[in-house]
Amino acid sequence: MNILRPSRLLLVGVHGIGQDTCVVFQPSSSVIPIATNGAAAPILLSADEWPDVQRAATDFATDIQRVTGALPTLSNVTASNATASLAAKKQEATSTPIIIGTLGKSSLIAQVVNTTNLDVSSIQGNWEAFMSLEVKNPLPGIDNAYVVIGADKRGTIFALYDLSEQIGI
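Sequential numbering of the sequence shown, starting at 340, is according to my numbering.
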């Protein structure tokens with residue numbers, strides 16, 4: 340049996356439950372490729388993230404592989420070693436990583452929010468809320484990333500399973 344896999348899987352920004360579709364299968368200047376030509380974007384989390392979020396991120400990486408055939412690398416990093424981690428795993432410095440984390444728990448997300456002055460007020464303090472968007476210069480040495488932020492543990496988990504559903508899982 341042959342499985343037809345899309346050659347490109349792309350993301351655009353969204354906010355919380357009931358959000359617009361954020362996955363498209365056609366290239367455009369306004370989307371971020373998470374898998375293209377047999378390679379997937381790396382996924383970055385902080386080691387201090389909730390274990391359940393770590394599990395959901397692993398499931399998300401596996402789901403990307405199920406749809407595209409390309410398994411993303413999944414790394415626990417700090418803001419200071421994120422670029423080195425990408426290089427060590429042979430990811431091009433120009434590839435667009437997916438950064439995942441929970442407000443108030445993930446030191447990586449705290450660094451992204453502090454470095455970029457990212458406005459998280461639309462989800463902060465809301466149960467099970469999340470946002471995902473493209474962020475320029477989120478961490479030292481990373482020019483661009485697709486950032487997924489949950490207001491709480493369940494919000495981050497919902498975000499990842501929602502993305503998996505949108506890619507066809």
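Beta carbons are placed, not taken as given, at the ideal position from N, Cα and C, and that holds for glycine.
query                                                                                                         : result
For Asn415, the three-state DSSP class (helix, strand or coil)                                                : strand
Lys444 versus Ile488: straight-line alpha-carbon distance, rounded                                            : 11 angstroms
Local conformation of Ser471 per DSSP, three classes                                                          : strand
Touch test, the region 407 to 417 against the region 375 to 388, Cβ-Cβ under 8 angstroms, three pairs minimum : yes
Buried/exposed call for Thr494, threshold 16 Cβ in 10 Å                                                       : Checking the sequence, you will find Gly at residue 494 rather than Thr. Label assigned to Gly494: buried.
Where Asp286 falls, given that 16 or more other Cβ within 10 Å makes a residue buried                         : This structure leaves residue 286 out entirely; the chain is present only between 340 and 508.
Tyr485 - partner residues in DSSP beta bridges                                                                : Ile437 and Glu473
Closest residue to Ile496 among Thr435, Phe399 and Thr375 (Cα-Cα distance)                                    : Phe399
CA-to-CA distance, Val406 to Gly507, given in whole angstroms                                                 : 7 angstroms
Cβ distance (whole Å) where Leu478 is taken to contact Ala418 below 8 angstroms                               : 5 angstroms
Simplified DSSP state of Ala379, which is helix, strand or coil                                               : strand
From Ser434, Gln393, Arg394 and Ala396, residue whose alpha carbon lies closest to that of Leu378             : It should be noted that the sequence gives Ala, not Leu, for residue 378. Selected option, being the one with the closest Cα: Ser434.
Local conformation of Thr390 per DSSP, three classes                                                          : Per the sequence shown, residue 390 should be read as Pro rather than Thr. Of the three classes helix, strand and coil, the one that applies to Pro390 here is helix, per DSSP.
Limits of the alpha helix (DSSP H) - the one that Asn453 falls within                                         : Ser446 to Thr455
Buried versus exposed call for Ser461 [16 or more other C-beta atoms within 10 Å across all chains shown]     : exposed
Pair within 9 angstroms by beta-carbon distance, Thr441 and Ala490                                            : yes
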